[in-house]
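Report on the following structure.
2 protein chains.
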Amino acid sequence: MVTIKDVARRAGVAPSTVSYVLSGSRKISEETRATVRAAIEELGYHPRASARTLRRARSEVLVLAVPREPGKYRSVDGRFAIDIGDMAREHGYDLLLMTERDGVRGLVRLARSGLADGAMLMAVRERDPRVEALRALGFPTALLGHGAPDEGDDPPWVDLDWAAAVSLAVRETVAAGHRRILFWASADHEFAARNGFALHGLAGAEAAARESGAEVLVRRSTVDPVELRARLRAVLTATPRPTALLVQHLIPLPLLLDEIAALGLRVPEDLAVVLVGSLPDEAVPRPLPRIDLPVGRMAEAVVRLVVAAIEAPDRSGGPGPPELIAPRLADGPPVAPPGG
Amino acid sequence: MVTIKDVARRAGVAPSTVSYVLSGSRKISEETRATVRAAIEELGYHPRASARTLRRARSEVLVLAVPREPGKYRSVDGRFAIDIGDMAREHGYDLLLMTERDGVRGLVRLARSGLADGAMLMAVRERDPRVEALRALGFPTALLGHGAPDEGDDPPWVDLDWAAAVSLAVRETVAAGHRRILFWASADHEFAARNGFALHGLAGAEAAARESGAEVLVRRSTVDPVELRARLRAVLTATPRPTALLVQHLIPLPLLLDEIAALGLRVPEDLAVVLVGSLPDEAVPRPLPRIDLPVGRMAEAVVRLVVAAIEAPDRSGGPGPPELIAPRLADGPPVAPPGG
DNA sequence: AGCATTGATCGAATCGATTCGACGAAACGA
DNA sequence: TCGTTTCGTCGAATCGATTCGATCAATGCT
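Sequence lines, in order, name chains Z and C.
The UniProt record's numbering numbers the first residue of the first sequence as 1 and each following residue consecutively.
The UniProt record's numbering numbers the first residue of the second sequence as 1 and each following residue consecutively.
Shown next, in the form of structure tokens:
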């Protein structure tokens, strides 16, 4: 393994000089710099991360704590991970994936070991114990998703405004002429976990129902295919039948559409379908009106927030401001009116 | 930040004694051990990873290099990442996610910085430049997926035997009575990248066609929804029409099924559909016969292989043996005979 | 009793990069 | 010409845990 001493010897300078060439924190003559650079190149030198971290008390690593509802996997989580990895690199950080079921233990271990400088938490719940544990340690943290909007000294967070997103979906649907709307909410286990997006989405549906005067039926989703079909069938065979379906739980979308077809209903003539969230384009059978989940923007924001918390630990003015992203209709077809 | 010295002072012993209590590498009296343990507990001490790594030249971190076909995202990749994260922890390692587009640069940086002890590569290609770069550095590596099976001194790898998997799908389909079978291969960009699973799957289809005597049409998939439908329509409206469809490119499955329905074909009466690979249960509109992609087993194996390479660097007997997992039919419905 | 052995703990060197103060040489001003 | 500043580089301390040899006390053996 090639060290800074090897480079120094090769270049005929002191190790500290090599360090200064690398960091640029002191003036080094052009000539010396060139010699050192050449030596680095020839030897293929790269500073040892552990030594640098030990000395600087900064590892340049961020943790991403991914959701671990046992057996439940959302494909959008992988996209978040990748986008966050990209953004982290742009800020000079590497990304550690924390998959442990006991998120508190795993995060405390990483924080105290100094393996990471900051943490980002996905699928944040109301009164999330991970948040509490990290705050107790004074560990820089940013959240992807939020619990209640008013918990005073929460870490900075970013989230799609799920309430507004579902409200927007309802409003667009009402504007298209629908009066009886079915909102297919998040799955049972997501409500049980008190995940923010589930609770806020539901709240948005209820608020929009009150404001618009339209009737909004709410059904929770599930990951059990048989039960899922049964729930959908029950509500779509009742009379009067809803003329529009807003879907927040997107994973089983193909299953929902299949059941709709099996009931002899055409989309959108008999039932307009609107999506809230994101799926890969090619995974959606046909273009549908959709409220976008801006994965890229959220990844950018969560990394920016945690990096800010790391690099300005004074917390002047408290935690960074929460970023509640306003929903917008994705490019695509408009909501079809009732009856096609 | 609490260090080993703080613990030692609190317990009234030398720092080295604390270290021995932690590692168990020297005998320490029960009494002292208890005192030290208590001090550790009270202070909430955790060894600094950087100091330990610097001294031991071992970081206990593994890298996972995820595939980055720009704009292409496979949901199964996220499941691999999570399962690999779990397995890594079971071996005492943390998992770093490497998302950089230029995989070679990113991996070389991580290897030379000593931030990680070993690397796992996903979506390995024929003559993958990342493999060559890591070998040149003597960096412990294991592959998830393989290129050509005979490249002598490749790192150890694990893969589903995609050729056998597609062959099995063909055989099952032929056994059910089909004589004219459509194989929906991986996507264009996966062939262009010379990803192993794409090439091997295709080879398996061709081999099975020769052996079984059945006619196997091959079409490559794409991520462009319009083009995808056009390709499927073309082959399903020609005469004679295939009676079975084997799908390796699963992401657009809903779209394929929708196009099949749009053509007025019923599944499985008019067209039996067989899947090769894995999707979340609730993402598949209805249970279909399927050759399983054993994500968990592969994650277990790839971690085991890279850990073995790290902890037995002598390479006695060359790299570990490749692990080619035999395909098996997942629980689910059998392949329907032609005509229902 | 005197010497060797075992057991438990300590002290110091070490890993590799960073960073502060110091130092010699050159440039500058009086 | 002599002192002062500036510039470029060096030496040494430091970060925190590990680990090897050393040490001291207690025990065993003759």
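Note that the Cβ used here is the ideal one computed from N, Cα and C, for glycine as well.
Nothing here was measured: the structure is a model prediction, and the numbers come from that model.
Is there a Cβ from chain Z that is less than 9 Å from the Cβ of residue 91 of chain C? no
For residue 274 of chain Z and residue 164 of chain Z, the rounded distance between their alpha carbons: 15 Å
Leaving out the 5 sequence neighbours to the left and right, which residues in its chain are closer than 8 Å to residue 65 of chain C when beta-carbon positions are compared? Closer than 8 Å at the Cβ level, and outside the excluded window around residue 65 of chain C, lie 98, 103, 106, 107, 119, 120, 121, 122 and 130.
Residues in the same chain with beta-carbon distance under 7 Å from residue 95 of chain Z, minus the five sequence neighbours each way, listed in chain order, please. 62, 64, 84, 85 and 88
Output the boundary residues of the beta strand (DSSP E) element that contains residue 173 of chain C. Residue 173 of chain C -> not in any beta strand (DSSP E); alpha helix (DSSP H) instead, spanning 162-175.
The beta strand (DSSP E) with residue 118 of chain Z in it runs from where to where? Its beta strand (DSSP E) spans residues 118-122.
To which residues of the same chain is residue 336 of chain Z closer than 7 Å at the C-beta, ignoring the five residues directly before and after it? These residues qualify, in order along the chain: 176, 268 and 272.
Skipping 5 residues on each side, what residues in its chain have a beta carbon closer than 7 Å to that of residue 58 of chain Z? 117
Identify, in the order they occur along the chain, each residue of the same chain with its Cβ nearer than 6 Å to the Cβ of residue 293 of chain Z, setting aside the five sequence neighbours on each side. 160, 277 and 278
Could you spell out where the alpha helix (DSSP H) holding residue 352 of chain Z opens and where it closes? No information on residue 352 of chain Z is available, as it lies outside the stretch 1 to 340 that chain Z covers here.
What's the gap between the Cα of residue 283 of chain C and the Cα of residue 332 of chain C? 15 Å
Do residue 178 of chain C and residue 214 of chain C have their C-beta atoms within less than 9 Å of each other? Taking 9 Å as the Cβ cut-off, residue 178 of chain C and residue 214 of chain C qualify as a contacting pair.
How many whole angstroms separate the CB atoms of residue 298 of chain C and residue 325 of chain C, which I take to be in contact at a CB cut-off of 8 Å? 7 Å
Would you say residue 77 of chain C reaches chain Z, if we count a Cβ-Cβ gap shorter than 9 Å as a contact? yes
Cut-off 6 Å between Cβ atoms - residues of its own chain near residue 222 of chain C, not counting five sequence neighbours on either side: The answer, listed in chain order, is 187, 188 and 228.
Which residues in the same chain as residue 13 of chain C place their Cβ atom closer than 8 Å to its Cβ, once the five residues preceding and following it in sequence are excluded? 32, 35 and 36
Check the Cβ of residue 309 of chain C against every Cβ in chain Z and list those closer than 7 Å, keeping chain order. Neighbours of residue 309 of chain C on chain Z: none; closest Cβ ~17 Å, over 7 Å.
Would a check of beta-carbon distances place residue 61 of chain Z closer than 9 Å to chain C? yes
Taking all protein chains shown into account, do 16 or more other C-beta atoms lie within 10 angstroms of the C-beta of residue 147 of chain C, making it buried, or fewer, making it exposed? buried
Positions along the region 100-125 of chain Z whose CB lies within less than 7 Å of some CB in chain C: 100, 109, 112, 113, 114 and 115
9 Å Cβ cutoff met for residue 162 of chain C and residue 245 of chain C: no
Going by DSSP, name the residue or residues bridged to residue 94 of chain Z. Z/61
Short-range partners of chain Z found in the region 273-285 of chain C, where Cβ spacing is below 8 Å: 280, 281, 282, 283, 284 and 285
Extent of the continuous beta strand (DSSP E) run through residue 127 of chain Z: It is not in any beta strand (DSSP E) - residue 127 of chain Z carries neither H nor E in the DSSP assignment.
Quick one: which residues of the region 208-225 of chain Z get their C-beta closer than 7 Å to a C-beta of chain C? List them in chain order. 223 and 225
Whole-Å CB distance - residue 216 of chain Z paired with residue 205 of chain Z, under 8 Å assumed: 5 Å
Min CB distance residue 268 of chain C to chain Z below 9 Å: no
Terminal residues of the continuous beta strand (DSSP E) containing residue 219 of chain Z? 215-221
Check whether the Cβ atoms of residue 255 of chain Z and residue 285 of chain C lie closer than 9 Å to each other. yes
With 16 other Cβ atoms within 10 Å as the buried cut-off, status of residue 309 of chain Z: In summary, residue 309 of chain Z is buried, with 16 or more beta-carbon neighbours lying within 10 Å of its beta-carbon over all protein chains present.
Using only the alpha-carbon positions, how far apart do residue 67 of chain Z and residue 76 of chain Z sit? 11 Å
Considering Cα atoms alone, identify which of C/71, C/43 and C/199 is closest to residue 5 of chain C. C/43
Within the continuous beta strand (DSSP E) that includes residue 10 of chain Z, where are the two ends? Unbroken run through residue 10 of chain Z is the alpha helix (DSSP H), 4-11; no beta strand (DSSP E).
Could you compute how far the alpha carbon of residue 157 of chain C sits from the alpha carbon of residue 238 of chain Z? Residue 157 of chain C and residue 238 of chain Z: Cα-Cα distance of roughly 55 Å.
Within its chain, find whatever has a CB closer than 7 Å to the CB of residue 264 of chain C; leave out the 5 residues flanking it on each side and keep chain order. Contacts found: none.
Integer Cβ distance of residue 113 of chain C from residue 47 of chain Z, believed to fall under 8 Å: 7 Å
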